[in-house]
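Taking it in order: structure first as structure tokens, then the write-up.
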Amino acid sequence: DPDAVTDVQNGAKPVEKKTKKKKNSKKSFFEELQEDDGTKEEPVVEKDLVQDMKQVTISERSKEEREENEEEEEQIQDFTHEDGPVNEELEADEELMKNMTRKERKKYLKDLQYKKQLAEMETQRTNDELGNFSVSEQKSSSSAQTYENTSDIKIESFSIAAKGKDLLKNANLTIVAGRRYGLLGPNGKGKTTLLRHIAARKLSIPAHIDILYCEQEVKADETPAIEAVLNADTERLRLLKLEKELTARQMKGDLSVQDDLKKLYEDMEAIGVDSAESRARRILAGLGFTASMQKRATHDFSGGWRMRVSLARALFLEPTLLLLDEPTNHLDLNAVIWLDNYLQNWKKTLLVVSHDQAFLNNVCTDIIHLEDLKLNPYRGNYSQFKKMHEQRLRERMKDYEKQEKKLKSLKAHGSSKVAAEKKQKEALTRKQEKGQKRGASVMVESVDTTTELITKPREYVVKFSFPDPPTLSPPILGLHNVDFAYENQPPLFKNIDFGIDMDSRIAIVGPNGVGKSTLLKLLCGYLEPTVGESRRNPRLRFAYYSQHSADQLDLDKSATQYLRDKFNLDYQASRKRLGSVGLVSHAHEIPIRDLSGGQKARVALAELISYAPDILILDEPTNNLDLESIDALAAAINQYKGGVLIVSHDARLITETDCTLWVVESQTVNQIEGDFDDYKQEILESLGEEVVQNKQLLSNACIVC
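Mind the numbering: the sequence shown is residues 42 to 746 in the numbering used here, read in order.
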């Protein structure tokens, strides 16, 4: 128990610790003899034959033992060879094997071999995935000596392509130690690919910088959630094991270990062994694990909850560079509130991909924008980036228009197209050199020194609206004196009275598992109350959108054909609606099954609009949507004249649409007094956390070149 570790002060003797001796579960040879009652008769065999049999048996047994010993030695060498796996968990523990029977040793080595194969398969899987990409990088040795002693990362002029298609071209990436970066860009343009290449060290990153990419859920096995987190720290496990060995020797009277114990306890204090368990429990609690859940084996959890354990391990380990890809996707609002608050105090370096604007605003000190195959850095949070990016687009459009005007003039004066473009490139080169000399902070095409002509800025716009419904007389939709329980399960709700009208703006909040989605299904009539009734206006048209709505689409049809068949739309109207929700034109005519998760979500959103509903019921609508689409959804809800009921972990969607908060807890639903900030404070205080006050970032932030 790490809490039982006693610090050794200078000159003081270490405190002796009692250790329980393990009982040997195997019966000794003499015990087995004593249990034999002697009733078995000895078979009658001639003496010479018995002697011959003994000699043959001993000879064969010796041969078998030699072969088994040789095989065992080979297996041990597989796990202890200096060129073997770095992971200490996959190395054979010879000290531990001394106390094992032969059968136990064979099982132990077999298990290690299995784990080693799994690790090799995972490494191969990663290599296979990245093998589909080509990477090139311009190596720079000018500051190699300094670079190897810093925690900053600077990668110059690198490119990544997938199957011949460029994702990044001559891009530059600078990550300064201790800063928290948000990586933004359109879906499918290479954000996750960049994270994977950084994690796999396919780019030039100093060897002393440890990187952790939180990508996969933790393995499902018998390990309790709390142990899965604690066991991630292999250095802690090594020190605890060494402590056990040294204290055992001390108890036997070996006083030579006192200096070693003193040094050991100093090392344990340095990495916080005593506080490790309380820190791990704090992280798990923040991510939604109750005390009893922390004791449950990981195989008892769903994939989403195992992903939370994986996130908890990453936060517990505190790597020099932490890479997170959409960390809020598997979390409920309460857990997002905690993670947001926790990462604001993160002292190490963070690079995160997220579509949660409130999260990016609160957590990030810098933004890296993937655009036009480049990585453009901005100082400040998401809101500051947005203002600077819009300014940059306006400036770039002006430069583009000047360029086109100049080209047109050159052509009018007899220059060929090639000659005109060459002259314009030369002018661009002179402008860039001039800008570099005066230390300009904003440059045309931002970061690279290529002399390509300026391309016309393509602004990504998503804008749609819900048709205004006719007025309906209340009551519109409600539950009256409702109890509900799933079969053979304890009640989720008791005596609920809850309703929604045409002017309602309601956000349902509460941790996962309390019944938020069930409440929506009861209102829609997809589930019947155990007791009580659901009531709805007979003229009511409602539209229900859930995180699984995309799974209900007809996968064999194209998005255009799907809308035409379901809502009797003409071809142009169908394509216009798909375009309004941000579905790119080439995705309109291919089978829905070939679309990405985000593209399918847009088709489902277009379907939602086509229902022309009186009431919108939205269950986690922001999953798979990008930042621009979430902005468009919030704007559409604000303009909509019907009622809205939302379950969402996106704080900005809730606050932007000015929703009243109703919390699901203790088998009922109650309205919260106060606003979202009050709810946030209540959640954090219930977890024993102090609310982090946002520090004012630089107001005059500029693009970093």
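Ideal Cβ positions, reconstructed from N, Cα and C, are used throughout, including at glycine.
Please classify residue i as buried or exposed, where buried requires at least 16 neighbouring CB atoms within 10 angstroms.
i	result
Q712	exposed
Y586	buried
E307	exposed
K557	buried
N679	exposed
R580	exposed
Q530	exposed
L224	buried
L686	buried
T496	exposed
V502	exposed
Q291	buried
Q734	exposed
T390	buried
E115	Bear in mind that a pLDDT of 45 at E115, under 50, signals an unreliable position, so the model cannot answer this.
P515	exposed
I537	buried
Q444	buried
P508	exposed
P418	buried
E726	exposed
L296	exposed
S351	buried
I312	exposed
K62	In this predicted model, K62 has a pLDDT of only 41, less than 50, meaning its place in the structure is not dependable enough to derive any value.
E731	exposed
Which stretch, first to last residue, makes up the alpha helix (DSSP H) that contains residue i?
i	result
C700	Where C700 is concerned, there is no enclosing alpha helix (DSSP H), given that its DSSP letter is neither H nor E.
G639	G638 to S651
R290	T275 to M292
N402	Q398 to V404
R323	V314 to G327
Y527	Y527 -> no alpha helix (DSSP H), and no H or E assigned at all.
I724	F717 to S727
L563	K557 to C565
S601	The sequence shown places Thr at residue 601, not Ser. Element bounds for T601: A600 to F608.
A311	Q299 to A311
Q613	Y612 to S621
L434	Y423 to A453
Is the CB-CB distance between residue i and residue j below 9 Å?
i	j	result
V523	V572	yes
P654	A584	yes
E574	H521	yes
R577	G620	no
N228	S637	yes
K232	V394	yes
F330	A266	yes
L560	F534	yes
F717	A676	no
L214	K195	yes
R582	P498	no
L411	K230	yes
L702	T663	no
R220	D407	yes
L209	L414	yes
Could you please give the first and the last residue of the uninterrupted beta strand (DSSP E) stretch that includes residue i?
i	result
E574	V572 to R577
A12	Residue 12 falls outside the range modelled here, since the chain spans only 42 to 746, and no answer is possible.
R337	Neither: R337 is in no beta strand (DSSP E) and is coded neither H nor E.
V550	R546 to V550
K535	F534 to I541
R420	K415 to R420
E268	E268 -> not in any beta strand (DSSP E); alpha helix (DSSP H) instead, spanning A266 to L271.
E412	D407 to E412
D660	I656 to D660
L253	I252 to C255
Y586	F583 to Y586
Q712	T709 to Q712
L596	That residue, L596, is in no beta strand (DSSP E); it is neither H nor E in DSSP.
*asked:* Is it the case that the stretch 359-368 contacts the stretch 243-253, given that we only count it when at least three CB pairs across the two stretches are under 8 Å?
replied: yes
_Contained beta strand (DSSP E) runs [length at least 3] in the stretch 202-241, N- to C-terminal order_ = 206-216 and 221-225
*How about the stretch 395-407 and the stretch 416-424: do they share at least three Cβ pairs that are nearer than 8 Å?*
yes
_Cβ pair count under 8 Å reaching 3, the stretch 586-598 against the stretch 631-649_ = yes
*At which residue ranges does the stretch 344-403 contain complete beta strand (DSSP E) runs of 3 or more residues, listed in the order of the chain?*
362-366 and 390-394
*asked:* Would you call the stretch 539-547 in contact with the stretch 307-321, where contact means no fewer than 3 C-beta pairs closer than 8 Å?
replied: no
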